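Q: Below you'll find the structure I mean.
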Amino acid sequence: MEDKRNMTIFLVKNFLMVMFFIAVCQLGISILYSYLVFPYIQKWVGGPFFDNFTLSNWNVGTLYAMFFWLFAEGILSLLPRMASESVHQFLDRHFDGRIPQEIGSILHGNSREVLNLYYVGCFIILLVLILVALLPYIVGAVWFSRLIRQEMDKLMKEEKKQHLEYEKRRSLMLSDIAHDLKTPITTVNGYAQALRDGVVTDGKKRQQYLNAICSKSQRLDDLITLLFEYVKIDSQGFTLHKERTDIVELLRENIALSYPDFERKGIEMELYIPEECIYWELDKIQFSRAVANLLNNELRHVEQGECVVIRLLWDEELERVRILFGDTGSQIEDEVAKHIFEPFVMGDASRSTKGGSGLGLSISSKIVRMHGGRLLLDRNSTEEYVKAFVIVLR
C-alpha cells in the first residue's frame, strides 16, 4: 500500500512539473509568434494569405485552425463540386469565428488555386510553425516517459534487492529453525535411548531424565506453536476480527496472567495504567498475543532483582495510544537492534542460555502493524528503564 501511494505521488508530482514546463514553453512560443515570427512572415511573405491578418489575429490557436483549414481546402479542390460544397458548409460551421473572415473569403474564392506554388509554400510554413508549437508537448512526453522508465528501473532494482535479501533471510531462518528444533530433539533422543537401554538405574536420575524429556518436549511444542502463529498471520487469507475493546482492561488481564511468573523470578513490576477506559478497534485475541509475547520477552531477558516498567499513555488530542514495556536489564547490541523485529533475530547468548526462539517480537510487530500501529524499540535510557518496546496506535 505504501509503495502504491509513493508511486501515485511520484506520477502526480512529475506530471504537474511536465505540464508546467509545457505551459511555460507554449506561452513563450505564443509571444514569439505573435510579436516576432508572424509579423516577419507578413512582411517578407505577404500575399493574399498573410496580408489580411492583423496583430490580434496571430496566435497559436489561429495557427492550428489556419493549417487545418488550408489542408481541408487543398483536399476539397480535388473533390467534385457537389461534394466540395457540402464539406465547405461543414467547415464553415466548425471553424466559425476561428479563421479571420478575409482569409475565409480568399480561400473560398481561390479553392482551385490552393495547389499553386504560393499556397504550397504557405502550407509548408504553417507545418513548420505547428511542429515548433508542438515541440514542448513532444519534449514533455519524452521527458515524462523517461522519468517513468527511470523510476520503474529503480523499483525493479529495489525489488530485486529485496528479493535477494528475502532469500538470504529465508535461508538464515530455515537454518535457525533447524537449530532450534534439533537441540531439544537431540536431548530428548539421548535421554530416551539411555532409559530404553537401561543405562540409568538410579530412580532419582531416571526421574530427572523424564523431567528433562518433558521439558524439552514442551519446548518443542511451544516453538512449533510459535512457528504456526508466525506463518498463519503472514498468510494471504488471514484477517483480523476487530471489535470495540477496552485496551486498559486487556492490558491488565495479560499482566495478571504473567504476574506470578515475574514474582517467582524476583522481578519487580512498576505499573502506570490509567483507571478510565480507553476503547479501540482491536482483535482481542491477536492483540493479547502481541502483548503476551512482549511480556514473555521481558520475563526471559530481565534478571532477578531488576525492574520492568509498563506504562499506558493516552493522548486525547492526537488520538494516540502508547503502551511501553521497559526494563532495567542490559542494553541490546547495535547489530541485533537493527533487525530486532525480524524472525529468529536474537543474540547468540540468548539463543543458547535463555531458551528464546526469536519469533515473539516478530509476531508482535506483525500484529501491531495489522492494527495500523507500530512496534518500536526505544534504546534511550532513562531513570526508569534502560530499553523499552513501545506499541503506538493512532
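Numbered according to this note's numbering, the sequence shown spans residues -2 to 391. C-beta: ideal position from N, C-alpha, C; glycine also. Source: prediction; values computed, not measured.
(1) Exposed or buried, which one is Lys363 when buried takes at least 16 other CB atoms within 10 Å?
(2) If I measure Cβ to Cβ from Thr222 and keep anything under 7 angstroms in the same chain, skipping five residues before and after, which residues do I get?
(3) In chain order, which alpha helix (DSSP H) runs of at least 4 residues are fully inside the stretch 290 to 365?
(4) Taking a contact to mean a Cβ-Cβ separation below 8 angstroms, would you say Leu291 touches Asp258 in this structure?
(5) Could you pull out every unbroken beta strand (DSSP E) segment of at least 3 residues lying fully inside the stretch 216 to 298, listed in chain order?
(6) Give a yes or no on whether the C-beta atoms belonging to Ala209 and Thr184 are separated by under 8 angstroms.
(7) Which partner residues does Val389 have in the DSSP bridge list?
(8) Got a sec? Which residues, its chain only, sit under 7 angstroms from Leu24 by beta carbon, not counting five neighbours each side?
(9) In three-state terms, what does DSSP make of Ala80?
(10) Cutting at 8 angstroms between CB atoms, please list the residues of its own chain near Phe141, excluding the five before and the five after it.
(11) Could you have a look at Ser108 and say whether DSSP puts it in helix, strand or coil?
(12) Going by other Cβ atoms of all chains shown within 10 Å of its Cβ, with 16 needed for buried, is Pro181 buried or exposed?
(13) Alpha helix (DSSP H) containing Tyr37: first to last residue?
(14) Beta carbon of Ile320, beta carbon of Ile252: below 8 angstroms?
(15) Within 10 angstroms of the Cβ of Ile135, are there 16 or more other Cβ atoms? Answer buried if so, exposed if not.
(16) Relative to the alpha-carbon of Lys281, which residue among Met149, Met367, Leu126 and Phe386 has its alpha-carbon at the smallest distance?
A: A quick look at the data gives this:
(1) Here residue 363 is taken as the residue at index 366 of the sequence shown, counted from 1. Flag for Lys363 reads buried.
(2) Here residue 222 refers to the residue found at position 225 when the sequence shown is read from its first residue. For Thr222, where only same-chain residues beyond five positions count, there are no Cβ hits under 7 angstroms.
(3) DSSP runs (the alpha helix (DSSP H)) wholly in the stretch 290 to 365: 331 to 335 and 345 to 350.
(4) In the sequence shown, counting from the first residue as 1, residue 291 sits at position 294. In the sequence shown, counting from the first residue as 1, residue 258 sits at position 261. No.
(5) Complete beta strand (DSSP E) runs here, min 3: 240 to 243, 265 to 269 and 276 to 279.
(6) Taking the sequence shown and counting its residues from 1, one reaches residue 209 at position 212. Taking the sequence shown and counting its residues from 1, one reaches residue 184 at position 187. Yes.
(7) Locating residue 389 in the sequence shown gives position 392, counting from the first residue. Answer by DSSP bridge pairing, in chain order: Arg319 and Arg371.
(8) Working through the sequence shown from its first residue, we reach residue 24 at position 27. In its chain, beyond the 5 residues on either side, no residue has a beta carbon closer than 7 angstroms to the beta carbon of Leu24.
(9) Counting from one through the sequence shown, the residue named residue 80 turns up at place 83. Summary for Ala80: the model assigns pLDDT 48, below 50, so the residue's position carries little reliability; its value from the coordinates is reported in the next sentence. Helix.
(10) As a position in the sequence shown, residue 141 is number 144, starting the count at 1. So the qualifying residues of the chain are Asn11, Phe12 and Val15.
(11) Locating residue 108 in the sequence shown gives position 111, where the first residue counts as 1. Caution applies to Ser108, whose pLDDT of 44 falls short of 50 and renders its modelled position unreliable; the model cannot decide the point.
(12) Working through the sequence shown from its first residue, we reach residue 181 at position 184. Classification for Pro181: buried.
(13) Counting from 1 along the sequence shown, the entry for residue 37 is found at position 40. Going by DSSP, Tyr37 is part of the alpha helix (DSSP H) stretching over Phe35 to Trp41.
(14) Within the sequence shown, residue 320 is the residue found at index 323, counting from 1. Within the sequence shown, residue 252 is the residue found at index 255, counting from 1. In this structure, Ile320 lies away from Ile252, with their beta-carbon atoms at least 8 angstroms apart.
(15) As a working note, residue 135 is residue 138 in the sequence shown. So Ile135 ends up on the exposed side.
(16) Position 284 of the sequence shown holds residue 281. Of Met149, Met367, Leu126 and Phe386, the residue nearest in Cα terms is Met367.
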